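Okay, so here's the structure we're looking at.
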Amino acid sequence: MAFSESISRLQKIISFISIDYRSKKEIMAYLREYNIIISYKTLERDLKQIKEELGFELEYKRNVGYKCENESILKATTPVFLSSDFRVGFENELYKIINVFDYNEKSYYNCWDKRSKKVFLMVG
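If you're matching positions, the sequence shown starts at 18 in the numbering used here and goes up one per residue.
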């Protein structure tokens, strides 16, 4: 459960800072809207992970905040059909499922779009 919570938190941070520059205080207030309470130290670790491990380009402007260029990830989408075959490794001519996890009684599928070569999230 902790792993999927961490993934969800990182996704929320990336989504929020992709729109505009956000201060740490704004990011933490945004996360609180989703009942995610973290320390400044945890936020700093998350930002470092987004930059170093996930490979996103983070910009920082003093007295303004952080911004993330997020062109390689598309918004979450709900599949038109749900198949019992939806599991890691399932693929068709359009995409391949690379990760599956459950969170808040919903299933999430990280997928690789074969045409655009981008990762997207399907919610089932």
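C-beta atoms are modelled at their ideal positions from N, C-alpha and C, and glycine is treated no differently. Remember, it's a predicted structure, so these values are computed and weren't measured experimentally.
Problem set entry | In DSSP terms, what Glu74 is bridged to | Glu86
Problem set entry | Residue from Lys123, Gly141 and Arg132 whose Cα sits closest to the Cα of Lys109 | Sequence check: residue 109 is Asn here, not Lys. From the listed residues Lys123, Gly141 and Arg132, the smallest Cα separation to Asn109 is found for Arg132.
Problem set entry | Straight-line Cα distance separating Val136 from Val81 | 29 Å
Problem set entry | Residue range of the unbroken alpha helix (DSSP H) whose run includes Asp119 | Segment Tyr112 to Tyr120 is the beta strand (DSSP E) holding Asp119; no alpha helix (DSSP H) there.
Exercise. Would you say Tyr38 and Tyr83 are within 8 Å of each other, going by their C-beta atoms?
Worked result: yes
For this session: Might you give, ordered along the chain, the residues of its own chain that have their beta carbon closer than 8 Å to the beta carbon of Tyr57, omitting 5 neighbours on each side?
Result: Excluding residues within five positions, the ones whose Cβ falls inside 8 Å are Lys41 and Met45.
Problem set entry | Contacts around Leu27, its chain only, beta-carbon distance under 8 Å, and the 5 residues preceding and following it disregarded | Excluding residues within five positions, the ones whose Cβ falls inside 8 Å are Asp63, Gln66, Ile67 and Leu71.
Problem set entry | Proximity test, Cβ basis, 8 Å: Gln66 and chain B | Absence of chain B from the displayed structure is noted, only one protein chain being present.
Problem set entry | Distance between Ser124 and Tyr112 (C-alpha atoms, nearest Å) | A direct Cα-Cα distance of roughly 17 Å separates Tyr112 from Ser124.
For this session: Would you grab the beta carbon distance between Ile24 and Phe118 for me? Rounded to a whole angstrom, and I think it's under 8 Å.
Result: About 7 Å separates the beta carbon of Ile24 from that of Phe118, a gap short enough to meet the 8 Å contact definition.
Problem set entry | Residue range of the unbroken beta strand (DSSP E) whose run includes Tyr38 | Unbroken run through Tyr38: none, as it is neither H nor E.
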